[in-house]
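This report concerns only the one structure given below.
Numbering (the numbering used here), first residue to last: 53 to 144.
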């Protein structure tokens, strides 16, 4: 798997996959826990995390501060967001 690191400002240049990238409920629950942890680190300590996600162009990653987590999206600075179903990994 080749991983492309991108700047959060370039997220709008990519097209997120429309399907769920994690195949089982345990992995999806783990992702939610990690995203909530990333939000706490971002809001309390301004700490960046790595988010690996799938696009139609391939696997990408962004290192950024998570501001909010909704049911469907992760919200980043400058109005950028990533759909949760496209996130394959969160590295705190």
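We treat Cβ as the ideally placed atom computed from N, Cα and C, and that holds for glycine.
Inter-residue Cα distance where the pair is residue i and residue j
{"i": "residue 73", "j": "residue 128", "result": "20 Å"}
{"i": "residue 132", "j": "residue 126", "result": "9 Å"}
{"i": "residue 99", "j": "residue 59", "result": "16 Å"}
{"i": "residue 71", "j": "residue 137", "result": "7 Å"}
{"i": "residue 119", "j": "residue 110", "result": "25 Å"}
{"i": "residue 81", "j": "residue 97", "result": "24 Å"}
{"i": "residue 95", "j": "residue 77", "result": "27 Å"}
{"i": "residue 61", "j": "residue 115", "result": "11 Å"}
{"i": "residue 75", "j": "residue 57", "result": "24 Å"}
{"i": "residue 90", "j": "residue 130", "result": "17 Å"}
{"i": "residue 124", "j": "residue 67", "result": "16 Å"}
Check whether residue i and residue j have beta carbons under 8 Å apart
{"i": "residue 117", "j": "residue 69", "result": "no"}
{"i": "residue 101", "j": "residue 113", "result": "no"}
{"i": "residue 142", "j": "residue 86", "result": "yes"}
{"i": "residue 134", "j": "residue 83", "result": "no"}
{"i": "residue 88", "j": "residue 121", "result": "yes"}
Delimiting residues of the alpha helix (DSSP H) encompassing residue i
{"i": "residue 146", "result": "The requested residue 146 does not occur in the structure, where the chain is confined to residues 53 to 144."}
Residues bridged to residue i (per DSSP)
{"i": "residue 141", "result": "104"}
{"i": "residue 110", "result": "107"}
{"i": "residue 69", "result": "According to DSSP, which records beta bridges pairwise, residue 69 is partnered with nothing at all."}
{"i": "residue 57", "result": "113"}
Rounded distance between the beta-carbons of residue j and residue i, thought under 8 Å
{"i": "residue 144", "j": "residue 93", "result": "6 Å"}
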